[in-house]
Amino acid sequence: MHHLLLLLLISLSTVTTAVTPDAAVLLTFKSTADTTNTLHYTLTEPLDYCHWQGVKCQGGQVVRLSLPSSALVGTLPTTVNLPHLRVLVLRNNSLSGQLPDFSSLLRLRSLLLSRNSFSGEFPFSLLSLPDLRVVDLSFNRFSGNLPSLLPNLHFLTSLQLQFNSFNGVLPLLNQTSLNFFNISGNNFSGEVPATATFSRFPPSSFALNPNLCGTVVHKLCSSPLPFYDSSSDTSAADAANRPSSTSLLSPPSNHHHHSKKLLILVFSFVGTLLLSSFICLFLTTRTRMKNTATAAADTTTTATTSPDAIEKTYFQRSPDVLRVTLDSSQTDKIGGNKREKSGNLVFSEGEANMYTLEQLMRASAEMLGRGTMGTTYKAKLDNQLIVTVKRLDAVKMSGIDGDMFDRHMEGVARLRHPNLVPVRAYFQARDERLIIFDYQPNGSVFSLIHGSRSTRAKPLHWTSCLKIAEDVAQGLAYIHQESNLIHGNLKASNVLLGVDFEACLTDYCLAILAESSQHQDSDPDSARYKGPEARQSGRRVTHKSDVYAFGVLLLELVSGKLPSQHPFLAPPDMPDWVKAVRGVDDGFEETQLGMLVDVATLCSSTSPEQRPTMWQVLKMIQRIKASVGPDDGIDT
6 MHHLLLLLLI SLSTVTTAVT PDAAVLLTFK STADTTNTLH YTLTEPLDYC
56 HWQGVKCQGG QVVRLSLPSS ALVGTLPTTV NLPHLRVLVL RNNSLSGQLP
106 DFSSLLRLRS LLLSRNSFSG EFPFSLLSLP DLRVVDLSFN RFSGNLPSLL
156 PNLHFLTSLQ LQFNSFNGVL PLLNQTSLNF FNISGNNFSG EVPATATFSR
206 FPPSSFALNP NLCGTVVHKL CSSPLPFYDS SSDTSAADAA NRPSSTSLLS
256 PPSNHHHHSK KLLILVFSFV GTLLLSSFIC LFLTTRTRMK NTATAAADTT
306 TTATTSPDAI EKTYFQRSPD VLRVTLDSSQ TDKIGGNKRE KSGNLVFSEG
356 EANMYTLEQL MRASAEMLGR GTMGTTYKAK LDNQLIVTVK RLDAVKMSGI
406 DGDMFDRHME GVARLRHPNL VPVRAYFQAR DERLIIFDYQ PNGSVFSLIH
456 GSRSTRAKPL HWTSCLKIAE DVAQGLAYIH QESNLIHGNL KASNVLLGVD
506 FEACLTDYCL AILAESSQHQ DSDPDSARYK GPEARQSGRR VTHKSDVYAF
556 GVLLLELVSG KLPSQHPFLA PPDMPDWVKA VRGVDDGFEE TQLGMLVDVA
606 TLCSSTSPEQ RPTMWQVLKM IQRIKASVGP DDGIDT
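Note that the sequence shown covers residues 6 to 641 in this note's numbering.
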């Protein structure tokens with residue numbers, strides 16, 4: 006009997022010593038946060054806890070606890086002593102109560118607790134965590150002021166506090182690393198500090214705080230009347246409306262009458278000047294239209310009767326034979342001047358003439374596809390050089406005269422950037438317009454995302470999404486800043502992969518030439534790239550239209566779904582949709598993808614004014630890239 010009792014005690018002692026500190030913390034967490042016993046945490050072997058749902062270890066130490074949407078009901082324990090924990094994700098559960106002391110989580114980088122019922126003040130213990138980068142407390146019941154020492158979180162990249170009951174004035178955030186920031190739907194008051202950090206974010210990040218004001222939120226701060234006596238029986242409005250003694254005793258000021266006369270004279274002068282300019286413009290335009298019509302008639306007659314008119318066949322081996330009619334005597338007459346570029350192959354400035362028009366006409370070709378702006382061919386010249394030739398749609402180009410096309414293409418052809426496919430040459434004659442690009446051998450981002458028809462492509466790794474997004478943002482930001490032009494036709498099929506698999510934009514700055522066309526794009530995916538303002542008839546595309554298209558492309562990258570398959574969800578719900586379609590079960594990847602989705606939803610705002618500029622978008626993506634440490638591979 007004594008021997009059996011001794012064996013039992015030894016057995017109990019062995020089990021007790023097998024429970025490591027991290028396992029004990031997890032079991033305590035389950036006992037308070039999982040009152041419905043959803044989690045099946047059982048410990049039969051010393052390291053079983055490293056294989057529990059949502060737990061990831063390194064060297065026997067818990068480095069991640071990720072249990073989003075796990076139907077947890079309860080509260081968090083008063084302390085969470087996991088010194089190696091880096092990622093804590095408890096989003097979208099039914100947890101409540103105040104947050105515990107996090108000061109022992111010295112390696113914590115990401116804290117995602119949104120969509121629960123947590124209450125209390127902002128956890129002061131977070132301010133002692135030197136590596137904290139992502140804090141998401143949105144859609145809870147927090148209240149009180151934000152701590153004034155919040156700027157001490159030097160590496161903070163994302164702070165999401167929307168839809169709580171926080172109040173008071175905003176602390177003076179100055180972190181240059183802060184990439185995502187949202188405090189909408191709270192009770193903050195006072196002037197938003199006009200710091201460089203706050204100025205980077207759109208007014209939507211501060212929305213639904215009716216007592217906020219300042220230049221950042223585009224709302225004037227009202228100043229109190231300096232001599233207003235609240236105890237007076239007469240209101241300030243009555244005091245303002247009552248005539249002063251000066252106005253009763255003094256005659257009206259002559260200065261006021263002189264100012265009115267001066268304003269009338271100025272407006273009369275400006276009105277006369279505008280009317281004169283309009284009349285001159287009307288007469289000039291009518292004269293030019295007559296000259297153009299005459300020149301067109303002369304050209305038609307010459308083309309019909311000239312014995313030198315020839316027709317050359319271009320791309321004879323193409324599935325769709327592309328025929329370009331060339332008139333050897335053709336020179337467009339505009340305003341009586343001959344334009345020598347018509348009928349010639351015009352090389353970009355600084356480019357060597359590596360082939361002639363005749364060589365291009367003899368090239369064998371393979372049609373790569375038809376797009377919004379025309380048909381694209383892969384052309385192999387007799388000197389073995391391979392180029393891409395874009396034949397622009399003649400119907401869509403019908404509203405553009407030759408001079409306008411030349412001027413526009415001269416500007417486009419000067420653009421040079423590592424993330425742009427360079428325009429090497431262009432050509433026009435009669436209704437034919439061709440643009441010659443470098444050939445990119447590795448296909449398009451569309452093919453990379455969606456694969457071939459015979460295979461079901463998997464979503465790209467988040468690091469690939471980040472790299473492509475940065476490349477595309479670099480190219481768009483360059484176009485906007487260098488030339489003030491607009492891409493106008495950004496989509497996955499117009500992002501090609503270069504020799505080193507860098508993402509390069511093509512077909513840029515051409516859509517504006519077809520804006521006068523009433524043709525509607527029948528492709529539902531292409532249509533989804535257009536912002537709401539660009540879908541309206543008569544509205545011109547802008548830089549913010551490119552930003553919207555970038556947001557759609559970014560969502561396509563991270564989800565692997567065509568734009569027509571993107572759901573119309575509120576921004577807070579979009580990360581869960583991306584996680585579901587990707588099957589993400591890794592906390593670190595979830596955090597990084599969440600940042601990219603936040604950028605996508607910000608770019609895809611319905612209102613153009615709410616969207617950031619491409620330069621701001623580029624900085625956001627670069628900050629996400631910078632937030633990935635060299636030792637983060639454990640969570641990838």
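We put the CB at the ideal spot given by N, CA and C, even for glycine.
Taking the alpha-carbon of residue i as reference, which of the options has the nearest alpha-carbon?
i, options, result
"Gln621", "Arg91, Phe171, Leu217, Thr202", "Thr202"
"His548", "Pro613, Ser109, Thr361", "Pro613"
"Cys55", "Leu32, Ser36, Asn42, Pro73", "Leu32"
"Gly493", "Pro537, Leu471, Ala554, Phe451", "Ala554"
"Leu490", "Glu475, Gly125, Val546, Thr468", "Val546"
"Gly193", "Val24, Pro207, Gln167", "The sequence given here has Phe at residue 193, not Gly. That would be Gln167, whose Cα lies nearest to the Cα of Phe193."
"Gly59", "Glu50, Ser75, Leu48", "Ser75"
"Tyr46", "Leu386, Gln389, Ala28", "Ala28"
"Lys61", "Lys35, His89, Ser108", "His89"
"Leu175", "Gly195, Ser182, Thr181, Phe160", "Gly195"
"Ser488", "Cys470, Tyr513, Met600", "Tyr513"
"Phe129", "Arg120, Arg205, Ser108, Glu50", "Ser108"
"His466", "Leu134, Glu594, Gln445, Ser204", "Glu594"
Can you find the residues in the same chain that come closer than 8 Å, C-beta to C-beta, to residue i, ignoring five residues on each side of it along the sequence?
i, result
"Arg587", "Pro464, Val563, Ser564, Gly565, Leu598"
"Leu132", "Pro152, Leu154, Leu155, Asn157, Leu158"
"Ser449", "Ala497, Ser498, Asn499, Val500, Leu501, Leu502"
"Arg533", "Val557, Pro568, Ser569, His571"
"Leu574", "Trp582"
"Phe451", "Lys496, Ala497, Ser498, Val500"
"Asn447", "Leu501, Leu502, Gly503, Val504, Phe506"
Using only the alpha-carbon positions, how far apart do residue i and residue j sit?
i, j, result
"Thr606", "Leu93", "24 Å"
"Pro568", "Met619", "20 Å"
"Met625", "Pro576", "17 Å"
"Thr596", "Ser115", "7 Å"
"Lys224", "Leu558", "33 Å"
"Asp106", "Phe123", "14 Å"
"Arg616", "Ser609", "7 Å"
"Leu350", "Lys472", "36 Å"
"Pro537", "Asp578", "21 Å"
"His364", "Ile484", "The identity of residue 364 in the sequence shown is Gln, whereas the question assumes His. Roughly 32 Å separates the two Cα atoms."
"Cys218", "Phe171", "16 Å"
"Gln103", "Leu81", "8 Å"
"Arg419", "Pro208", "36 Å"
"Ser353", "Phe442", "11 Å"
Are there 16 or more other CB atoms within 10 angstroms of the CB of residue i, so buried, or fewer, so exposed?
i, result
"Ala436", "Checking the displayed sequence, the identity of residue 436 turns out to be Asp instead of Ala. Exposed, because fewer than 16 other Cβ atoms sit within 10 Å of the Cβ of Asp436."
"Thr220", "exposed"
"Met359", "exposed"
"Gln570", "exposed"
"Ile454", "buried"
"Leu390", "exposed"
"Arg69", "buried"
"Gly456", "exposed"
"Leu117", "buried"
"Phe147", "buried"
"Met414", "buried"
Determine which residues share a DSSP beta bridge with residue i and list them.
i, result
"Gly173", "Phe193"
"Arg146", "Ser124"
"Ala368", "Per DSSP, none; premise fails for Ala368."
"Leu178", "According to DSSP, Leu178 bridges with nothing at all."
"Val94", "Ser71, Leu117"
"Asp136", "Per DSSP, none; premise fails for Asp136."
"Glu437", "Ala434"
"Leu510", "Leu425, Val500"
What residues in its chain sit with their C-beta under 7 Å from that of residue i, if we drop five residues either side in the sequence?
i, result
"Asp603", "Phe185"
"Gln523", "Confidence in Gln523 is poor, its pLDDT being 49 and thus under 50, which makes the residue's placement too unreliable to answer from."
"Ala212", "Ser189"
"Leu177", "Pro156, Pro198, Thr200"
Quick one: residues in its chain with C-beta nearer than 6 Å to the C-beta of residue i, no 5 flanking neighbours on either side, listed in chain order?
i, result
"Ser632", "Arg138, Thr162"
"Val30", "Asn86, Leu87"
"Gln165", "Asp141, Ser143, Asn187"
"Ala245", "Note on Ala245: pLDDT 40, under 50, position unreliable in the model; the coordinate value appears next. The answer is none, since no qualifying residue turns up."
"Ala482", "Met619, Trp620, Leu623"
"Val78", "Thr40, Thr41, Ser99"
"Pro580", "Gly599, Val602"
"Tyr431", "Val351, Met414, Ile440"
Heavy atom of the ligand MN less than 7 Å from the Cβ of residue i, yes or no?
i, result
"Val583", "Inclusion of the ligand MN in the displayed structure is not the case, the ligand content being empty and no account of it being possible."
Can you confirm whether residue i, when its beta carbon is compared against all beta carbons of chain D, has any partner nearer than 8 Å?
i, result
"Ala585", "Protein chain content of the structure displayed is limited to a single chain, and chain D is not contained in it."
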